[in-house]
Amino acid sequence: MSRQTQAIIHADAIINNFSVLSSIAPDCDAMAVIKADAYGHGGVNVARLLRGRAKRFAVAIIEEALVLRDAGIVEPIVVLEGAHQPRECALAFQHNCILVMHTQQQLEWVRHCEPDQRPAIWLKVDTGMHRLGFAVDEIEHIVQAYHGILCEETVLATHLACADDEQSDATPEQLAAFSKVAAQFNFPVSIANSPATILWPQSRRGWNRLGVGLYGSQPVAGDVNIKPAMTLRSSVIALRTIPAGDSVGYGQAWTATRDSRIATVGIGYADGYPRHCPNGTPVIINGSKAELVGRVSMDMITIDVTDVPTVSIGDSVELWGENLSIDEVAAHAGTISYELMTRISARVPRIVRHR
Ligand SMILES: Cc1ncc(COP(=O)(O)O)c(C=O)c1O
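Next comes the structure, spelled out in structure tokens:
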């Protein structure tokens, strides 16, 4: 019997989430952002599930696109960071990938490709996030100077810094700056990520780029019916009772205040369960909430099951998923769901479950 530490990928949830988020903006096109191995869910898994639904996929780097091509995924793929090296332009052309251009150097690389072998490109505009993109007052010059390498596919894109904050002044400012730039040209546009799609109607234009919402995290409060796409689970591999006053784990970071039943669970930071989860981080066992006690080890955690009736070795433990929100665990860990999802390690099998 193998170790019961697994990430169950809920196929129906991913399909549901794509459909729910797309239907918020029925006049737009939606692309599925499946970079970082589809936020840990398996890029090929997710691309197969969304085949025929998402017209395009997006990844961060060309290597991620090539993995999808090797698996037979044929839809156009937008490479959000564009090319890091000139030779990636030829690869993008061969593999029907669209490169997002954010530096003049990248545009030069494309210009130097044979005219009939240039990859399709998008132009990224920096409207205030100051991470990638041409400055707002630079874009007119860029469009003129590189007119010859633009194509039918060319989209003007930007990214919002504070889309998950409904009160943010930054978002209306970015949207206004982008609208001004976009109005100068006739390009299709792309602005919204998942939180923007939910919270900012003016951002829903052209191509919406759906990431974390597909995977069921609720990056923004609301009534949007998205469902958890991953249940991370493990099992109890040891059980003991310790007297009040004894401590558990490395550094004796938790001390029992009463006689306590401690279950050791076969998952640790080498699997991607965050080491900095503190005492009190919730897990679900046998339908009850229990708490992490003691430090997370490389391959194991310890939980206090004193109040959970009839725990046995082999019982399943949910770290997050259908019964425990990943956002709740992320809050305990002082991080965001994106980080938890993407850090599940290769040691954890992803099991796609259709039901
Ligand atoms: C440029 C870009 N667009 C879209 C997304 C998807 O964002 P989200 O996962 O918040 O939907 C990301 C994610 O980081 C991104 O970097």
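Just so you know, this note's numbering puts the end of the sequence shown at 1704, numbered straight through with nothing missing.
Ideal Cβ placement from N, Cα and C applies to all residues, glycine included.
Because the structure is a prediction, the values reported are computed rather than measured.
For the pair of segments examined, the region 1434-1452 was found not to touch the region 1568-1588: the number of CB pairs separated by less than 8 angstroms stays below three. A direct Cα-to-Cα measurement between Ser1584 and Gln1353 gives close to 6 angstroms. Sorting Val1645, Val1632, Gly1615 and Phe1536 by C-alpha distance to the C-alpha of Ala1602 places Val1645 at the top. Pro1544 has its Cβ nearer than 8 angstroms to a heavy atom of ligand 1.
For the 9 angstroms CB-CB criterion, Ile1540 and Thr1503 do not form a contact. If you look at Ile1633, you'll find it in the beta strand (DSSP E) that goes Pro1631 to Ile1634.
Beta-bridge partners assigned by DSSP to Thr1613: Ala1587 and Thr1651. Shortest gap from the CB of Ala1407 to any heavy atom of ligand 1: under 8 angstroms. By a beta-carbon distance limit of 8 angstroms, Thr1606 does not contact Ser1596. Their separation comes to about 11 angstroms. In this chain, the alpha helix (DSSP H) harbouring Ala1682 covers Ile1675 to Ala1682. Separation of Ala1680 and Pro1627 (C-alpha to C-alpha, rounded to the nearest whole angstrom) is 11 angstroms. Taking a 10 Å sphere around the C-beta of Ser1566, we find 16 or more other C-beta atoms and assign the residue as buried. Nearest in C-alpha terms to Thr1684, of all of Gly1391, Met1647 and His1625, is His1625. The three-state secondary structure of Arg1397, taken from DSSP, is helix. With a contact defined as Cβ atoms closer than 8 angstroms, Val1697 and Gly1594 miss out at about 35 angstroms.
A distance of 9 angstroms or more separates the beta carbons of Met1380 and Ala1409. Following the DSSP letters along the chain, one finds Lys1529 in no beta strand (DSSP E) but inside the alpha helix (DSSP H) bounded by residues Ala1519 to Ala1532. The beta-carbon separation of Gly1477 and Ala1526, rounded to 7 angstroms, stays under the 8 angstroms limit for a contact. Remark: fewer than three beta-carbon pairs, one from each stretch, lie closer than 8 angstroms, so the region 1489-1499 and the region 1512-1524 are not flagged as touching. In this structure, Lys1404 has its beta carbon at no less than 8 angstroms from each heavy atom of ligand 1. For the 9 angstroms CB-CB criterion, His1359 and Pro1577 form a contact. Proximity to Val1369 across Val1573, Met1579 and Thr1655 peaks at Val1573, based on C-alpha coordinates.
Burial state of Asn1672 is exposed, judged by a 10 Å Cβ sphere holding fewer than 16 other Cβ atoms. Where Met1450 is concerned, the enclosing beta strand (DSSP E) starts and stops at Cys1446 to Met1450. Distances from the CB of Ala1510 to the heavy atoms of ligand 1 are all 8 angstroms or more. The straight-line gap separating the alpha-carbon atoms of Ala1356 and Ile1616 is approximately 11 angstroms. Under the DSSP definition of a beta bridge, Glu1640 partners with Pro1631 and Asp1653. Under the DSSP assignment, Val1474 falls in the beta strand (DSSP E) whose first and last residues are Ile1470 to Asp1475. Relative to ligand 1, the beta carbon of Gly1562 is positioned inside 8 angstroms of a heavy atom.
Counting only residues of its own chain and dropping the five nearest sequence neighbours on each side, Ser1517 has a CB closer than 7 angstroms to the CB of Cys1511. In the three-state DSSP reduction, Met1579 falls in the strand class (E or B). The DSSP-derived three-state label of Ile1693 is coil.
Leu1472 places its beta carbon 9 angstroms or farther from that of Ala1432.
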